[in-house]
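Engineer: Mind having a look at this structure? Questions to follow.
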Amino acid sequence: MPFDGGSDATATGLGGPQALGMTQVLFVEVGMGADQHGQDATKAAVRACRNAIEFNSIPSIRAIVPGGYDAMKLHIQIGAPEGAKIDLAKVRAVFPYGNIVDPIDVCVGGLLAKSGIAIPEMGDKNDDFVICVASVTVGY
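The numbering of the sequence shown is the working numbering, which starts it at 2 and goes up by one.
Below is the structure:
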């Protein structure tokens with residue numbers, strides 16, 4: 002289900018490396034991010050993407066990927082609560098290298114939970130707690 006988070010936010014059916022714009026998939030990283038106060042789906046999506054990549058070190062990328070980091074491709078898929086608006090430029094900024102395969106896929110997923118408290122000073126409009134998940138596929 003498409004979101005209106007940006008012109009490249011679409012949901013697709015995935016099927017193999019070619020469907021991801023890649024010749025070879027090397028690995029998939031998964032992360033979760035949340036914004037407990039402020040109901041900011043972009044903040045939750047950025048945190049999910051950072052969480053997916055921040056505990057990995059793949060020093061052999063230069064040896065595995067023809068062309069090294071400059072030729073590495075990343076396919077990003079984000080699950081967010083229905084109706085969430087995500088600034089995909091901020092999501093793209095999370096990744097220090099590699100080429101993000103367009104489009105970034107944003108689909109209905111994640112969770113809209115209740116935090117149990119709304120704190121206006123923290124930007125809360127209500128007690129919604131926005132949770133997003135991210136899948137980052139790395140290949141070439």
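Where a beta carbon is used, it is the ideal one built from N, C-alpha and C, also for glycine.
Look up S136 in the DSSP assignment and give the residues it is bridged to.
Structural biologist: Per DSSP, V31 and Q78.
Engineer: Taking the continuous alpha helix (DSSP H) assigned at V47, which residues delimit it?
Structural biologist: A42 to I54 is the span of the alpha helix (DSSP H), which, as asked, contains V47.
Engineer: Measure from the alpha carbon of D106 to the alpha carbon of each residue in D41, T138 and P67, then state which is nearest.
Structural biologist: Checking every option, the nearest Cα to that of D106 belongs to T138.
Engineer: Would you kindly work out how many angstroms separate the C-alpha atoms of E83 and P60, rounded to a whole number?
Structural biologist: Near 37 Å, if we compare the C-alpha coordinates of P60 and E83.
Engineer: Assuming the contact rule is C-beta atoms closer than 8 Å, M33 and I132 should be a hit. Round their C-beta distance to whole Å, please.
Structural biologist: M33 to I132, Cβ: 7 Å. Contact.
Engineer: Return helix, strand or coil for K126, following the three-state DSSP convention.
Structural biologist: It is coil, neither helix nor strand.
Engineer: Since K91 is in the alpha helix (DSSP H), which residue starts that stretch and which ends it?
Structural biologist: Element bounds for K91: L89 to R93.
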